[in-house]
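Novice: Have a look at the structure that comes next, please.
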Amino acid sequence: MTKNHLKARIIVVTGLSGAGKSSAIKSIEDFGGFCVDNMPSALIMQFLNLIKTSDYRKSFIALGVDVRTSGFMENLFPVLAAARQQGFESKIIFLEANDKAITRRYSESRRRHPLIGDEDSLKSAIEKERERLAPLREKADIIIDTSNISPHELKNRLKDILFRKGLESIKIKLISFGFKYGIPEDIDMLMDTRFLPNPHYVPGLGKKNGMTDEIKEFVMKSPESKQFLKSYRDLLDFLIPNYIKEGRSYLNIGIGCTGGKHRSVVITNELAGYLKEKKYGVIITHRDIAHAAD
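The sequence shown begins at 1377 in the numbering used here and counts up by one.
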């Protein structure tokens, strides 16, 4: 890639102190990015101009900025706008964590919070930083809560964000199951379809499963099924883009009926088809379809 065809991306890594910015910067450096931490935002444009006139070959540049970075709140967005006019792409990744996690990390590292003064407590310093960074958080492209994830998990999420684009940044796993056999582990959302008409009690249908045309037709002819699917699709249309913005790289949805053989299978397949049409990556698992009865 020559300097005249530079398509570098600027990745601004920011967020709360103690939320993992240093780990994120190191991870991006491992991915081959060129990383600069705490550069004054007034100097970022000069730095990018130097990059454009060099033999730089990296695909992205990571800039770590936080409350210690001089003037970053006032200058960051005008600088990014100017950079986009010169052909750079940009993305802001905001890292955050709950007070308990941040307090624990500062206790373990024995470091001093950048906003803590002689009369301040760590709690008040965290609150002050949250308030100061609120406008930046609102404009972030991706928000990652690191409260309950390890540095390794953070690295994997960043890898997904940097090397996948758009809808491909999230994998959606749909799991049909029977409540009588237990709820699957590690699901993020749970859907109960036991209110829908049950083909188990219809002569000739009980031994078939939701992969057959007969069961699909029976379940989907119900007005309740049609309304339910429409409402749930609308909900997912709202939720999934926000999960992507948060930085989530996976979403596991459990769809249950009594035995996991009929209704949940049909609804799972219907949702999978809809999500695939919208270009999401979808994985389907029918956990209990082989059981004898619904």
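Ideal Cβ positions, reconstructed from N, Cα and C, are used throughout, including at glycine.
What you are looking at is a predicted structure, and each value in this text was computed from that prediction instead of being measured.
So, does the segment 1654–1661 touch the segment 1594–1606, judging by three or more C-beta pairs under 8 Å?
Specialist: No: the two stretches stay apart, fewer than three of their Cβ pairs being nearer than 8 Å.
Novice: Out of curiosity, what's the CA-to-CA distance linking residue 1440 and residue 1641?
Specialist: Here the question's residue 1440 lines up with position 64 in the sequence shown. Here the question's residue 1641 lines up with position 265 in the sequence shown. About 46 Å.
Novice: If we call anything under 8 Å between Cβ atoms a contact, is residue 1534 one with residue 1404?
Specialist: On the sequence shown, residue 1534 is found 158 positions in, with the first residue counted as 1. On the sequence shown, residue 1404 is found 28 positions in, with the first residue counted as 1. A contact, by the Cβ cut-off of 8 Å.
Novice: Could you pull the start and end residues of the alpha helix (DSSP H) that residue 1577 belongs to?
Specialist: For the purposes of this step, residue 1577 is identified with residue 201 of the sequence shown, where counting begins at 1. First-last for residue 1577: undefined, no H or E at that position.
Novice: Does DSSP classify residue 1592 as helix, strand or coil?
Specialist: In the sequence shown, the residue the question calls residue 1592 occupies position 216. Helix, per DSSP.
Novice: By DSSP's criteria, residue 1628 is part of a beta bridge. Which residues make up the other side?
Specialist: For the purposes of this step, residue 1628 is identified with residue 252 of the sequence shown, where counting begins at 1. Answer by DSSP bridge pairing, in chain order: 1549.
Novice: Rounded to the nearest angstrom, how far is the Cβ of residue 1575 from that of residue 1595, given a contact under 8 Å?
Specialist: Here residue 1575 corresponds to residue number 199 of the sequence shown, with the count starting at 1. Here residue 1595 corresponds to residue number 219 of the sequence shown, with the count starting at 1. That pair is a contact at about 7 Å.
Novice: Taking C-alpha atoms, which residue in 1426, 1468, 1647 and 1421 lies nearest to residue 1458?
Specialist: Counting from one through the sequence shown, the residue named residue 1458 turns up at place 82. For residue 1458, the nearest C-alpha among the options comes from 1421.
Novice: At which residues does the beta strand (DSSP E) containing residue 1649 begin and terminate?
Specialist: Counting from 1 along the sequence shown, the entry for residue 1649 is found at position 273. Note, residue 1649: premise wrong, no beta strand (DSSP E); alpha helix (DSSP H) at 1639–1653.
Novice: Rounded to whole angstroms, how far is the Cβ of residue 1353 from the Cβ of residue 1386, which I believe are closer than 8 Å?
Specialist: Since the first and last residues shown for the chain are 1377 and 1670, residue 1353 lies out of range.
Novice: Provide the residue(s) that pair with residue 1567 in DSSP beta bridges, ordered along the chain.
Specialist: Looking up residue 1567 in the sequence shown gives position 191. Residue 1567 is bridged to 1631.
Novice: Applying the criterion that 16 or more other CB atoms from any shown protein chain within 10 Å of the CB defines a buried residue, is residue 1511 buried or exposed?
Specialist: As a working note, residue 1511 is residue 135 in the sequence shown. The residue in question, residue 1511, is exposed, as its Cβ has fewer than 16 Cβ neighbours within 10 Å.
Novice: How about the segment 1393–1413 and the segment 1522–1531: do they share at least three Cβ pairs that are nearer than 8 Å?
Specialist: Output reads yes: the segment 1522–1531 touches the segment 1393–1413.
Novice: Would you tell me roughly how many angstroms separate the C-alpha atoms of residue 1322 and residue 1522, rounded to the nearest one?
Specialist: Shown here, the chain extends from 1377 to 1670; a query on residue 1322 therefore has no answer.
Novice: For the structure I just gave you, are there three or more beta carbon pairs, one from the segment 1617–1634 and one from the segment 1554–1561, closer than 8 Å?
Specialist: The segment 1617–1634 vs the segment 1554–1561: in contact.
Novice: So, using beta-carbon positions, are residue 1551 and residue 1563 closer together than 8 Å?
Specialist: Working through the sequence shown from its first residue, we reach residue 1551 at position 175. Working through the sequence shown from its first residue, we reach residue 1563 at position 187. The answer is yes: Cβ separation under 8 Å.
Novice: In angstroms with no decimal places, state the Cα-to-Cα distance between residue 1505 and residue 1610.
Specialist: Position 129 of the sequence shown, counted from the first residue, corresponds to residue 1505. Position 234 of the sequence shown, counted from the first residue, corresponds to residue 1610. C-alpha separation (whole angstroms): 36 Å.
Novice: What does a CB cutoff of less than 8 Å around residue 1591 pick up in its chain, not counting 5 residues either side in sequence?
Specialist: For the purposes of this step, residue 1591 is taken as residue 215 along the sequence shown, with counting starting at 1. Cβ neighbours of residue 1591 beyond the five flanking positions: 1575, 1581, 1584, 1585, 1638, 1641 and 1642.
Novice: Along the chain, where does the beta strand (DSSP E) containing residue 1667 start, and where does it finish?
Specialist: For the purposes of this step, residue 1667 is taken as residue 291 along the sequence shown, with counting starting at 1. Run containing residue 1667: none; DSSP gives neither H nor E here.
Novice: Would you mind giving the Cβ-Cβ distance between residue 1498 and residue 1392, rounded to the nearest angstrom? I have them listed as a contact below 8 Å.
Specialist: As a first step, residue 1498 is located in the sequence shown; it is residue number 122 there, counting from the start. As a first step, residue 1392 is located in the sequence shown; it is residue number 16 there, counting from the start. That pair is no contact at about 12 Å.
Novice: If you drop the 5 nearest sequence neighbours on each side, which residues of the same chain put their C-beta closer than 8 Å to that of residue 1444?
Specialist: Residue 1444 sits at position 68 when you count from the first residue of the sequence shown. Excluding positions up to five away in sequence, the list reads 1414 and 1490.
Novice: Mind listing, in chain order, the continuous alpha helix (DSSP H) runs of no fewer than 4 residues lying wholly within the segment 1431–1519?
Specialist: Counting whole runs of 4 or more residues, the segment 1431–1519 contains the alpha helix (DSSP H) stretches 1448–1461, 1475–1485 and 1498–1515.
Novice: Between which two residues does the alpha helix (DSSP H) harbouring residue 1562 extend?
Specialist: For the purposes of this step, residue 1562 is taken as residue 186 along the sequence shown, with counting starting at 1. Element bounds for residue 1562: n/a, residue is neither H nor E.
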